[in-house]
């Protein structure tokens, strides 16, 4: 089961965050860098949030981008850095490691790969 | 001075001649020419009505420039007129749908008080401090901000997401459960300089002001390749993001504006490493004299009677925005523009400089 993981305060991220292949992280940040592990995680891009206005059209505010999307692809380790703050004046850089690991049999139901679930693969 | 007087005198002579011609040939009323020959008993053959007339198509752009010089508020509507020309819409009546394109994010000239609420629980001293900085714009402008315990027209969050605001009247289109302005992490401990730089800037957006660094003159100073490299290297912004944030100049015709001003509160600081001349774009740290003057001009404390405002949204009378009921822009179908005259009679550019 792929998960959408939203992180509102990058400063609160642990230095090492473990996720599963297929998980999508959306972080409140104005930029990012990826130093290692491009086969492990894909930095999808830096985005500006928009809303559907009452007139049924998408509106975006005046301001810098404020969301970064990262897709966990395959087991391994990716080293990334999130950029927060005001990109025009002063930014803070938050490095972290993204550990991408397959869900194991010990994970809660729904987070295990099908072959690890109780009874999975045993039915005739 | 003598040359100026001579030009004015010549202009007045032209006007006097035009008036004389009109009085002897026919009567002009409010721009409407009636072939209304004098009758001995002085009674009119038909009631006089006032129908606004348009300039001939060839003078629309010049007219827009003059109108904008006199009052920047004139710019957006006039922009629509010659934008229509450029898009090959001459001779067509603009459809109501087109009015939406012409509508700006301008709040209108009528003095106005916008309500403000906070998304998170906010102490009174912090709330008052933020509002005080928003209201600094009222030193010259007529739009003020007042706190409400309910849901305000302006909704401020101090949560994550950075600093931003929706532009002008767009805030009225944002769903009521969402913020219209974001001031990430602002507390009473935030330096006063940041209150001035950030809150006054974001309030400028709420008043309808876009980013000053996207004015054509400032964008022209940026080396696109250097900008792409710099923002990719530092923040992984792709080309489209850099284009959007830094390299797309605003359509000057859509602006009520002063000349581009790199120390405006609405201008971001950009490093010299991305400019062609190696000099940074300074960016503004507080509202400057030009900003104050500009806001005082577009949101005057005494409103012109012509402002049409309803429920917080600027409205153009449909007939006005469409150029008048059934009125067309540009040459008529038969190739003769009844509004036109011989170009030799045009007021010379030098006279416009005297306006």
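Residue numbers (my numbering), protein chains in the order written: chain A, 4 to 127; chain B, 243 to 597. Note that beta-carbon positions come from the ideal geometry of N, C-alpha and C, so glycine has one too.
Could you tell me the alpha carbon to alpha carbon distance between residue i and residue j, rounded to whole angstroms?
i: residue 413 (chain B); j: residue 47 (chain A); result: 29 Å
i: residue 363 (chain B); j: residue 60 (chain A); result: 30 Å
i: residue 480 (chain B); j: residue 486 (chain B); result: 10 Å
i: residue 438 (chain B); j: residue 12 (chain A); result: 24 Å
i: residue 511 (chain B); j: residue 348 (chain B); result: 25 Å
i: residue 540 (chain B); j: residue 18 (chain A); result: 50 Å
i: residue 557 (chain B); j: residue 4 (chain A); result: Here the model assigns residue 557 (chain B) a pLDDT of 33, short of 50, so the residue's position is not dependable and the matter cannot be decided.
i: residue 79 (chain A); j: residue 523 (chain B); result: 43 Å
i: residue 537 (chain B); j: residue 454 (chain B); result: 14 Å
i: residue 533 (chain B); j: residue 415 (chain B); result: 26 Å
i: residue 587 (chain B); j: residue 352 (chain B); result: 38 Å
i: residue 41 (chain A); j: residue 389 (chain B); result: 48 Å
i: residue 25 (chain A); j: residue 14 (chain A); result: 24 Å
i: residue 256 (chain B); j: residue 372 (chain B); result: 56 Å
i: residue 252 (chain B); j: residue 544 (chain B); result: 35 Å
i: residue 88 (chain A); j: residue 436 (chain B); result: 12 Å
i: residue 392 (chain B); j: residue 370 (chain B); result: 16 Å
i: residue 350 (chain B); j: residue 502 (chain B); result: 22 Å
i: residue 471 (chain B); j: residue 585 (chain B); result: 51 Å
i: residue 513 (chain B); j: residue 467 (chain B); result: 14 Å
i: residue 31 (chain A); j: residue 475 (chain B); result: 19 Å
i: residue 245 (chain B); j: residue 542 (chain B); result: 34 Å
i: residue 58 (chain A); j: residue 254 (chain B); result: 50 Å
i: residue 531 (chain B); j: residue 6 (chain A); result: 51 Å
Enumerate in chain order the residues of its own chain whose CB-to-CB distance from residue i is below 7 Å, with the five nearest sequence positions on each side excluded.
i: residue 377 (chain B); result: 386, 387
i: residue 451 (chain B); result: 508
i: residue 9 (chain A); result: 29
i: residue 465 (chain B); result: 516, 517, 518
i: residue 368 (chain B); result: 429, 430
i: residue 446 (chain B); result: 507, 508
Taking the CB atoms as reference points, tell me whether residue i and residue j lie closer together than 8 Å.
i: residue 491 (chain B); j: residue 521 (chain B); result: no
i: residue 424 (chain B); j: residue 410 (chain B); result: no
i: residue 469 (chain B); j: residue 488 (chain B); result: yes
i: residue 106 (chain A); j: residue 23 (chain A); result: yes
i: residue 460 (chain B); j: residue 419 (chain B); result: no
i: residue 75 (chain A); j: residue 101 (chain A); result: yes
i: residue 56 (chain A); j: residue 63 (chain A); result: no
i: residue 86 (chain A); j: residue 33 (chain A); result: yes
i: residue 49 (chain A); j: residue 68 (chain A); result: yes
i: residue 526 (chain B); j: residue 91 (chain A); result: no
i: residue 382 (chain B); j: residue 535 (chain B); result: yes
Please work out which residues of its chain come closer than 6 Å, Cβ to Cβ, to residue i, disregarding the five sequence neighbours upstream and downstream, and give them in chain order.
i: residue 36 (chain A); result: 84
i: residue 394 (chain B); result: 357, 358, 359
i: residue 422 (chain B); result: 396, 397, 408, 413, 416
Residue i and residue j look like a contact to me (Cβ under 8 Å); what is the Cβ gap, rounded to whole Å?
i: residue 81 (chain A); j: residue 44 (chain A); result: 4 Å
i: residue 402 (chain B); j: residue 354 (chain B); result: 31 Å between Cβ atoms; not a contact.
i: residue 398 (chain B); j: residue 456 (chain B); result: Contact flag wrong, Cβ pair sits at about 24 Å.
i: residue 407 (chain B); j: residue 444 (chain B); result: 4 Å
i: residue 427 (chain B); j: residue 400 (chain B); result: 6 Å
i: residue 396 (chain B); j: residue 448 (chain B); result: 6 Å
i: residue 21 (chain A); j: residue 104 (chain A); result: 6 Å
i: residue 27 (chain A); j: residue 99 (chain A); result: Going by Cβ atoms, the distance from residue 27 (chain A) to residue 99 (chain A) rounds to 16 Å, so no, they are not a contact pair.
Suppose the cutoff is 8 Å on Cβ atoms and the five residues either side in sequence are ignored; what does the same chain contact list for residue i look like?
i: residue 442 (chain B); result: 375, 376, 378, 379, 507, 528, 529
i: residue 483 (chain B); result: 473
i: residue 477 (chain B); result: none
i: residue 51 (chain A); result: 63, 64, 66, 67, 68, 69, 70
List the residues of chain C that residue i touches, going by C-beta distances under 7 Å, in chain order.
i: residue 49 (chain A); result: The structure shown contains no chain C; its protein chains are A and B.
Legend entry - beta strand (DSSP E) segments (min. 3 residues) lying fully within the region 349 to 431 of chain B: You should have 354 to 360, 385 to 389, 396 to 399, 405 to 407, 423 to 425.
Inset, instruction - Scan the region 467 to 494 of chain B and note each continuous beta strand (DSSP E) run of 3 residues or more that stays entirely inside, going in chain order. - result: Runs found: none.
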